[in-house]
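Student:
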Amino acid sequence: MAARLWRLCNLLMAAFFGLAAAVQVNDPDAGLWTVVYLVPAALTLLVSINPSITDNGVWRSLCDLHSAGCVVGTIALACSLFAYAQGNIFHEEEGRELFGLVIITIWMSLCRSSAKSPLGGARLVAAVVVALFPFVSWLYIYVNKDMRESWPTHCKTVI
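Oh and the sequence shown: position 111 is 141 in the working numbering, straight run, nothing missing.
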């Protein structure tokens with residue numbers, strides 16, 4: 031049961047990362063963000079197909095390299111937000127980008143740790159929560175029109 035749930039969570043996250051890459055189509059820095067989301071989409075899809083792939087050296091190296099880049103990006107965006115944010119960080123494009131990087135980093139960490147021991151208990155619950163969070167957030171943002179009013183045009187036309 032736990033193994034199937036872990037695979038399902040990875041499939042959901044692969045879908046989320048793929049969708050997050052797809053909505054970058056009209057973003058000014060689409061190339062960067064498409065790659066940022068497609069790498070974990072591919073890595074996560076591989077885990078959903080074969081969870082033991084996390085023991086593979088190439089998979090681990092790609093995961094570590096991408097996670098390190100996401101941590102650097104998270105720090106840079108957090109510094110920018112603290113310096114320039116004027117309200118709710120979800121209203122700032124950098125705030126949404128920051129949360130995307132945090133989600134990637136958390137998920138890649140969960141995948142990476144699954145190589146040592148199968149996920150169960152609290153880590154499996156955390157995986158389910160993290161896997162559902164992006165979809166619940168997107169639904170909330172879609173329903174909350176006030177939140178989208180302050181967004182740049184390229185963000186409004188995708189959803």
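Glycine is no exception: its CB is placed at the ideal position from the N, C-alpha and C atoms.
Count the other CB atoms within 10 Å of the CB of C109; is the residue buried (16 or more) or exposed (fewer)?
Tutor: Burial call: exposed.
Student: Taking 7 Å as the limit between beta carbons, can you name the residues of its chain near A44, skipping five residues before and five after?
Tutor: A71, T74, L75, S78, listed in sequence order.
Student: Given a cut-off of 9 Å on the beta-carbon distance, is the pair G130 and Y67 in contact?
Tutor: Contact flag set, yes.
Student: Between S29 and the rest of its own chain, which residues show a CB-CB distance below 6 Å, the 5 nearest in sequence each way excluded?
Tutor: Here the chain has residues from 31 to 189 only, and residue 29 is not among them.
Student: Are the region 125-145 and the region 87-94 touching by the rule of at least three beta carbon pairs closer than 8 Å?
Tutor: Yes: at least three Cβ pairs fall under 8 Å.
Student: For A161, collect the residues of the same chain with a Cβ closer than 7 Å to its Cβ; drop the 5 residues on either side in sequence, then sort them by chain order.
Tutor: So the qualifying residues of the chain are C39, L42, M43.
Student: Buried or exposed: M31, going by 16 or more other Cβ atoms within 10 Å of its Cβ?
Tutor: Exposed: under 16 other Cβ atoms inside 10 Å.
Student: Since T135 is in the alpha helix (DSSP H), which residue starts that stretch and which ends it?
Tutor: Where T135 is concerned, the enclosing alpha helix (DSSP H) stretches over 123-143.
Student: For A51 versus P164, is the C-beta spacing smaller than 9 Å?
Tutor: It is not a contact, given that the beta carbons lie outside the stated cut-off.
Student: Determine the direct distance from the alpha carbon of N80 to that of Q116, and round the result to whole angstroms.
Tutor: Each residue's alpha carbon lies about 44 Å from the other.
Student: Return helix, strand or coil for V77, following the three-state DSSP convention.
Tutor: If DSSP states are grouped into helix, strand and coil, V77 belongs with the helices.
Student: Suppose you measure from the CA of V88 to the CA of V53; what does that come to, to the nearest Å?
Tutor: One C-alpha to the other measures close to 28 Å.
Student: Measure the C-alpha to C-alpha separation of A156 and G125 and round it to an integer number of angstroms.
Tutor: Distance between the alpha carbons of A156 and G125: 22 Å.
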